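For the sequence shown, this note's numbering gives the first residue as 856, with consecutive numbering after it. Glycine included, every Cβ here is placed at the ideal spot set by N, Cα and C. Keep in mind that this is a model prediction, so the values were computed, not measured.
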Amino acid sequence: MSPATGAPGATPKYTKKDFESDQDVRWCPGCGDYAILSAVQKTMPDLGIPREDIVFISGIGCSSRFPYYMNTYGFHTIHGRAPALATGLKLARPDLKVFIVTGDASSLDDKYTVFGRVVDGMAVVEAIEQAPVNGEAPVTRIELSRVRVQR
Ligand code: SF4
């Protein structure tokens, strides 16, 4: 069943069912991934994002079968590369809402990745780009002391 639509151009009113794909879920009985999948499918309608603007990107492992089970766009990529693929997609299509799915591997090295667009302070970004590096790491530690996030 297709989601109910309101006014032209308005985000359709989705339900959890709209985010369930037609694929058989292949996780072990009792796997915690079922609860995560169900919670995400249940939450997506509340976000009010058109389904065609949503992309789930995963790496490898059991949890990375996730994009198959979401009725959105998705990409099951390769070992440890979900953040890189997601970053590339977000750079190419900043209008999309990109979600990364990963297991307990160190894909994000215990840190967070936030996608966004710099609307002010490009001089800071350029200064960081110019910082001397040793390989890929800056020679001296770079810290941002203040960042303002706008929605
Ligand atoms: S993570 Fe994979 S192996 Fe472990 S219970 Fe879930 S489906 Fe089975």
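How about Asp-888: is its Cβ closer than 7 Å to a heavy atom in the ligand SF4? yes
Exposed or buried, which one is Gly-929 when buried takes at least 16 other CB atoms within 10 Å? Its Cβ being crowded by 16 or more others within 10 Å, Gly-929 is buried.
Thr-957 versus Lys-897 - alpha carbon distance: 19 Å
Count the other C-beta atoms from every protein chain shown that fall within 10 angstroms of the C-beta of Tyr-987, then say buried if there are 16 or more, exposed otherwise. Note that residue 987 corresponds to Pro in the displayed sequence, not to Tyr. With fewer than 16 Cβ atoms within 10 Å of its Cβ, Pro-987 is classed as exposed.
If you follow the beta strand (DSSP E) that Phe-954 is part of, which residue opens it and which one closes it? 952 to 956
Secondary structure at Glu-875, three-state DSSP: helix, strand or coil? strand
Taking the beta strand (DSSP E) that Tyr-928 falls in, what are its first and last residues? Residues 928 to 931.
Does any residue of chain C bring its CB to less than 8 Å from the CB of Pro-987? Looking for chain C here will not work: only one protein chain is present.
Using a Cβ distance threshold of 8 Å, determine whether the stretch 907 to 916 contacts the stretch 924 to 942, with at least three qualifying pairs required. yes
Would you call Thr-932 buried or exposed, if buried means 16 or more other Cβ atoms sit within 10 Å of its Cβ? buried
Skipping 5 residues on each side, what residues in its chain have a beta carbon closer than 6 Å to that of Met-899? Phe-874
Helix or strand or just coil, what does DSSP make of Ala-978? helix
Taking just the CA atoms, how far does Asn-989 sit from Thr-995? 9 Å
State buried or exposed for Pro-884, treating a residue as buried only when at least 16 other CB atoms are found within 10 Å of its CB. exposed
Check for me: the alpha helix (DSSP H) holding Ser-893 runs from which residue to which? 888 to 902
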